[in-house]
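Visitor: Residue numbering for the sequence shown follows numbering that gives the first Met the number 0, beginning at 0 and increasing consecutively.
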Amino acid sequence: MKYTLGLMALLFFSHGNAQTNWDVANIHEALKKDATIVIRNEEQFLDIKGINAAKYDYKITATIFSKAGDDFAAMEEVYDKFSTIYNIKAVLYDATGKKIKEYKSSDIKDQSLISGFSIFEDNRLKSLKFVSNSYPYTIEYSFSQDFKGLLYFPQWRDLKDFGVSVEKSSYCIQKDKNYQMKYLSSTGLKVDSTSIGGKIRYKWESSQVLALAKEPMAVGIDNLSSWIKASPNLFEYDGSTGNFDNWNNFGQWIYKLNEGGNQLPEAFKIKIRDLTQAARTPEEKMRILYQYLQQNTRYVSVQLGIGGFRPVLAEKVATVNYGDCKGLSNFMKAMLNEVGINSHLVMIGNGKPSLNAQYSSIGQANHMILAVPIGKDTTFLECTSPYYPMGFIGYGNSNRNVLLVTEAGGKLVKTPAYSASQNYQVSKTKIKFNNENDIDVLINTSYGNSQFEDNLRKTVLEPSEQKKRALENSNIPIETFGYYKCDQKDKTKPELVEELSFKSKPLLSKGGDKYFLLLNQMNRREAVPIKIADRKTFFSVPYAYEDKDEIVFELPQGYQIDFIPKDILIESDFGIYTATFEKKDGLLIYSRTQKMNDKIYPPEKYSEYVDFYKKIVQADKQKAVITKTL
Numbered sequence: 000m001k002y003t004l005g006l007m008a009l010l011f012f013s014h015g016n017a018q019t020n021w022d023v024a025n026i027h028e029a030l031k032k033d034a035t036i037v038i039r040n041e042e043q044f045l046d047i048k049g050i051n052a053a054k055y056d057y058k059i060t061a062t063i064f065s066k067a068g069d070d071f072a073a074m075e076e077v078y079d080k081f082s083t084i085y086n087i088k089a090v091l092y093d094a095t096g097k098k099i100k101e102y103k104s105s106d107i108k109d110q111s112l113i114s115g116f117s118i119f120e121d122n123r124l125k126s127l128k129f130v131s132n133s134y135p136y137t138i139e140y141s142f143s144q145d146f147k148g149l150l151y152f153p154q155w156r157d158l159k160d161f162g163v164s165v166e167k168s169s170y171c172i173q174k175d176k177n178y179q180m181k182y183l184s185s186t187g188l189k190v191d192s193t194s195i196g197g198k199i200r201y202k203w204e205s206s207q208v209l210a211l212a213k214e215p216m217a218v219g220i221d222n223l224s225s226w227i228k229a230s231p232n233l234f235e236y237d238g239s240t241g242n243f244d245n246w247n248n249f250g251q252w253i254y255k256l257n258e259g260g261n262q263l264p265e266a267f268k269i270k271i272r273d274l275t276q277a278a279r280t281p282e283e284k285m286r287i288l289y290q291y292l293q294q295n296t297r298y299v300s301v302q303l304g305i306g307g308f309r310p311v312l313a314e315k316v317a318t319v320n321y322g323d324c325k326g327l328s329n330f331m332k333a334m335l336n337e338v339g340i341n342s343h344l345v346m347i348g349n350g351k352p353s354l355n356a357q358y359s360s361i362g363q364a365n366h367m368i369l370a371v372p373i374g375k376d377t378t379f380l381e382c383t384s385p386y387y388p389m390g391f392i393g394y395g396n397s398n399r400n401v402l403l404v405t406e407a408g409g410k411l412v413k414t415p416a417y418s419a420s421q422n423y424q425v426s427k428t429k430i431k432f433n434n435e436n437d438i439d440v441l442i443n444t445s446y447g448n449s450q451f452e453d454n455l456r457k458t459v460l461e462p463s464e465q466k467k468r469a470l471e472n473s474n475i476p477i478e479t480f481g482y483y484k485c486d487q488k489d490k491t492k493p494e495l496v497e498e499l500s501f502k503s504k505p506l507l508s509k510g511g512d513k514y515f516l517l518l519n520q521m522n523r524r525e526a527v528p529i530k531i532a533d534r535k536t537f538f539s540v541p542y543a544y545e546d547k548d549e550i551v552f553e554l555p556q557g558y559q560i561d562f563i564p565k566d567i568l569i570e571s572d573f574g575i576y577t578a579t580f581e582k583k584d585g586l587l588i589y590s591r592t593q594k595m596n597d598k599i600y601p602p603e604k605y606s607e608y609v610d611f612y613k614k615i616v617q618a619d620k621q622k623a624v625i626t627k628t629l
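1) I need the boundaries of the beta strand (DSSP E) containing Ala-266, first residue and last residue.
2) DSSP three-state call for Trp-21: helix, strand or coil?
3) Compare the Cα-Cα distances from Lys-315 to each of Gly-259, Thr-405 and Leu-354 and report the closest residue.
4) Can you give me the Cβ contacts of Lys-125 inside the same chain, cut-off strictly under 6 Å, excluding the 5 residues immediately before and after it?
5) With distances taken from CA atoms, which of Ser-131, Ile-50 and Val-190 is nearest Val-177?
6) On a Cα-Cα basis, can you pick out the residue from Ser-239, Val-208 and Lys-268 that is closest to Trp-690?
7) Taking C-beta to C-beta, are Ile-59 and Glu-139 nearer than 9 Å?
8) Please say whether Trp-246 and Gly-409 have beta carbons closer to each other than 9 Å?
9) Would you check if the distance between the CB atom of Gln-450 and the CB atom of Gln-424 is smaller than 9 Å?
10) Ends of the beta strand (DSSP E) at Leu-506?
11) Quick one: give me the first and last residue of the beta strand (DSSP E) that Met-74 is part of.
12) With distances taken Cα to Cα, identify the nearest neighbour of Pro-264 among Asn-25, Thr-275, Ala-73 and Thr-318.
13) With 16 as the cutoff for other CB atoms within 10 Å, does Leu-6 come out buried or exposed?
14) What's the call for Gly-15, buried or exposed, on a 16-neighbour Cβ count within 10 Å?
15) For Leu-274, which residues from the same chain have a beta carbon less than 6 Å from its beta carbon, with the 5 sequence-adjacent residues on both sides left out?
16) Quick one: residues in its chain with C-beta nearer than 7 Å to the C-beta of Ile-531, no 5 flanking neighbours on either side, listed in chain order?
17) Pick out whichever of Leu-188, Gly-187, Ala-210 and Gln-173 has its Cα sitting closest to the Cα of Ser-194.
18) Inspect the CB distances between the segment 501 to 519 and the segment 456 to 464 and report whether three or more fall short of 8 Å.
19) Quick check: what's the CA-CA separation for Lys-614 versus Lys-583?
20) If you follow the beta strand (DSSP E) that Pro-231 is in, where does it begin and where does it stop?
21) So, at 6 Å on beta carbons, what are the nonlocal neighbours of Val-483 in its own chain, with the 5 sequence-adjacent residues on each side left out?
22) Closest by CA to Tyr-102, which one among Ala-94, Leu-112 and Leu-127?
23) Just to confirm, are Val-609 and Pro-541 a CB contact at a threshold of 9 Å?
24) What are the residues that DSSP puts in a beta bridge with Ala-370?
25) On the DSSP bridge assignment, give the partners of Gly-408 in chain order.
26) Quick one: measure Cβ to Cβ for Gly-162 and Thr-35, integer angstroms, because I've assumed they're closer than 8 Å.
27) For Asn-131 and Asn-20, what's the separation of their Cα atoms in angstroms?
28) Between the segment 587 to 607 and the segment 565 to 579, can you find at least three pairs of beta-carbon atoms closer than 8 Å?
29) Quick check: the segment 428 to 437 against the segment 396 to 403, are at least 3 beta-carbon pairs closer than 8 Å?
30) Leaving out five residues on either side along the sequence, give the residues of the same chain with a beta carbon under 6 Å from the beta carbon of Phe-116.
31) Nearest-angstrom Cα distance between Val-440 and Glu-471?
32) Assess, as a yes-or-no matter, whether the segment 337 to 350 is touched by the segment 384 to 391 under the definition of 3 or more beta carbon pairs within less than 8 Å.
33) Do you know whose CA, among Asp-79, Ser-82, Val-190 and Ala-89, lies nearest Ala-73's CA?
34) Grab the span of the beta strand (DSSP E) containing Asn-443 for me, first residue to last.
35) List the endpoints of the continuous beta strand (DSSP E) containing Leu-288.
36) Rounded to whole angstroms, how far is the Cβ of Phe-152 from the Cβ of Leu-45, which I believe are closer than 8 Å?
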């Protein structure tokens, strides 16, 4: 949902705002609300010269109101050997629109863009940081870029982030009438299409768009802004040609890029056959080879021209023992092929929306995994993680359309979804009162699937750091530390088991002749989500999950339980919460379950979400009443 100035305000503002400079006084007050940045003007123009050439012109003027917007005050443009950036101009203005500084070409940094996870990369970066000692200030920069080969077009979105408003932003694409391309736009965005000579020009624009404040749990800005995604159908890039007009053709191109790339050294083939010689089933062979992959290779990024899309040769990975997601997936595919198991490379948008079935383009995928069909089942393999068990691909890869790359072309399939009950946290805690001040605590917690993934880093921490975090994160106050252990006991399952023991500080609070015991000593919700009177953005939880907690209290001799609360049930569209309280054989047993859904909710549901958690916070405060009988 996008918010703009009303028609009358827009007409009034436009009439009185024939800008001759970038004076901040010319900005409508409504555009300043919730804004740290106002984009005064943005222009993108892509002139497509042919299947393998284009010119891109970009210009932006933006006003920065506070230090919080300083990160936006920078030009950072990436290029490679297939593109050239030139004609850079940059100017800094003060609040009145007076020019403070016009930057020179010597002020522009030009550096290799070798990222921390990539050792093969030919991208470079031209950058400039604008610096002002006072606020507000305005930046303006422009540049031109020539492309040799086009796999994708620059994209456009009017709202760049939360806290950014827009006076005017536009995107124009010009092409020959015979050039084939396609575009996808946000709902309601209109295109102005005109013919100029033998060319067609498409233009999209947006104006007077109000800033959106960053609200808790807000879905991404893409869902709240106007946007354009455009792509060629036919293309030529780094000596390779292809057709993106549908997913089948896209898959054919990826398949051809990899032709001949899954050969292995002869000595390595013998090694693979020896490793799997005793395996009786295809699943056993796959497990052995997946373990070999995890134990003997590591991930690096490759971004070298077409190498950013073509897998590294399996023969090379077998020799150097590293590769990117494409190289490692292809290496795993080659090993499986050597032992008679067929598999398919899979293009996927990790952490991104599902591939759009009606719109094929390369920008929707950013990752590669492997699909192994055996009988009626298909196992998906994440080949970059040394820790995932076979078949677990992480919630960033789960429940989405992906492209299966086959000899016949690409085919859209869906990866497995992880339900709330699969994304579990199950804790069992025993709290033994030797006396009022001497308390032994033993906690055993299991994390499954997505919660396994969230906690996986604990297993690789140094013991001293594990202990430190256990002390910091325990809800129960620790008097004397016992031991801590966290490991993946069964390497075939996406499950971590965490064990913690310690002596607790006193847990009973006294009132008169009675003692009060807070029952939820573990997974306790203490804060209610912040209230938002007029929420504007949709919201969601990251993924569905289920937490189950059981605490068994063993009281010392001479104490009795006088009161326990009634069982609690809280139901809503967001999830379900239960708490039960039981006296059994001298023990006090507290059980809590919270199961959450992963839907996207409209803004008007947020107050219900807050109310849901208000009830949970109160439910988590329940206490038992205990008296001393001796």
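Backbone N, C-alpha and C define an ideal beta-carbon position, used for all residues, glycine too.
If you're wondering where the values come from, they're calculated on a predicted model, not measured in any experiment.
Guide: Concretely, from the data shown:
1) Where Ala-266 is concerned, there is no enclosing beta strand (DSSP E), although the alpha helix (DSSP H) it sits in stretches over 265 to 274.
2) Reduced to three states, the DSSP call for Trp-21 is coil.
3) Closest option to Lys-315, Cα to Cα, is Gly-259.
4) Glu-76, Ile-84, Ile-107 and Asp-109
5) It is worth fixing the name first, because residue 177 is Asn in this sequence and not Val. Answer by Cα proximity: Ile-50.
6) Outside the displayed span of the chain (0 to 629) sits residue 690, for which this structure offers no information.
7) yes
8) yes
9) Result yes, Cβ atoms of Gln-450 and Gln-424 sit closer than 9 Å.
10) It is not in any beta strand (DSSP E) - Leu-506 carries neither H nor E in the DSSP assignment.
11) For Met-74, the enclosing beta strand (DSSP E) starts and ends at 73 to 78.
12) Thr-318
13) Residue placement at Leu-6 is flagged as unreliable, the pLDDT there being 43, under the threshold of 50; a coordinate-derived value is accordingly withheld.
14) Bear in mind that the predicted position of Gly-15 carries a pLDDT of just 42, short of 50, making it unreliable; the figure below should be weighed with that in mind. That one is exposed.
15) Ile-287
16) Glu-214 and Tyr-605
17) Closest by C-alpha distance to Ser-194, out of Leu-188, Gly-187, Ala-210 and Gln-173, is Gln-173.
18) no
19) Put simply, the backbone Cα of Lys-614 is about 27 Å away from that of Lys-583.
20) In the DSSP assignment, Pro-231 falls within the unbroken beta strand (DSSP E) covering 226 to 231.
21) The sequence as given places Tyr at residue 483; Val does not occur at that position. Only Gln-465, Lys-466, Ala-469 and Leu-499 meet the Cβ criterion.
22) Leu-127
23) Going by C-beta atoms, Val-609 is not nearer than 9 Å to Pro-541.
24) His-343 and Phe-379
25) Thr-405
26) 5 Å
27) Sequence inspection shows Ser at residue 131; the Asn mentioned does not correspond to that position. Those two C-alpha atoms are separated by around 18 Å.
28) yes
29) no
30) Bear in mind that a pLDDT of 44 at Phe-116, under 50, signals an unreliable position, so the model cannot answer this.
31) 16 Å
32) no
33) Ala-89
34) 437 to 447
35) Not the beta strand (DSSP E): Leu-288 falls in the alpha helix (DSSP H), residues 281 to 295.
36) With a Cβ gap of about 6 Å, Phe-152 and Leu-45 count as contacting.
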